[in-house]
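In this note's numbering, the protein residues as written are 4 to 123.
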């Protein structure tokens, strides 16, 4: 499987420019995690919604004529779902920039141990 175009100079230059313009999304949401031990304190943290980060990335990449395409493939033998991200540039260049494998949980009936942790 080809992982990138033979000459990726154009997309690399466009990515470098786009990366220089990327900003962090505003951490506008608050989450609180309650401990299972009543003697421990709650942990509170601020975070940004995923949609805010995606909006920033789409706008910035689009300004440099870069498209991001994500696809999934199921590996039944390994019990994994693979996520592949491909970046394509208007001059016909492309690069696979990331592959991730995560356990396929679609058909499993998980239960929890009372603290939110999955047990089997």
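Virtual Cβ for every residue (Gly too), placed ideally from N, Cα, C. Since the model is a prediction, treat every value here as computed from it, not as a measurement.
Residue burial classification, residue i (beta-carbon count within 10 angstroms, cutoff 16)
i: residue 122; result: Confidence is the limiting factor: at residue 122 the pLDDT is only 43, short of 50, which leaves the residue's position unreliable and the question unanswerable from this model.
i: residue 17; result: buried
i: residue 69; result: buried
i: residue 57; result: exposed
i: residue 90; result: buried
i: residue 64; result: buried
i: residue 76; result: exposed
i: residue 21; result: buried
i: residue 12; result: exposed
Supposed contact pair residue j and residue i - C-beta distance, whole angstroms, cut 8 Å
i: residue 14; j: residue 92; result: 4 Å
Cut-off 6 Å between Cβ atoms - residues of its own chain near residue i, not counting five sequence neighbours on either side
i: residue 49; result: 30, 33
i: residue 105; result: 84
Residues near residue i by beta carbon distance below 8 Å, same chain, minus five either side
i: residue 40; result: none
i: residue 44; result: 38
i: residue 73; result: 86, 87, 88, 89
i: residue 60; result: 25, 71
Reference residue i, options the options, closest by Cα
i: residue 36; options: 46, 42, 72, 28; result: 46
i: residue 62; options: 42, 24, 87; result: 24
i: residue 52; options: 27, 81, 94; result: 27
i: residue 19; options: 42, 108, 66; result: 66
i: residue 82; options: 94, 108, 54; result: 108
heavy atom of the ligand SAM below 7 Å from residue i C-beta
i: residue 55; result: Within the structure as shown, the ligand SAM is missing, as the structure has no ligands at all.
Own chain partners of residue i with C-beta closer than 7 Å, once the 5 adjacent residues on each side are dropped
i: residue 78; result: 85
Residue ranges of each alpha helix (DSSP H) within the stretch 18-66, 4 or longer: 53-66
Inside the stretch 70-96 only - beta strand (DSSP E) runs reaching at least 3 residues: 83-92
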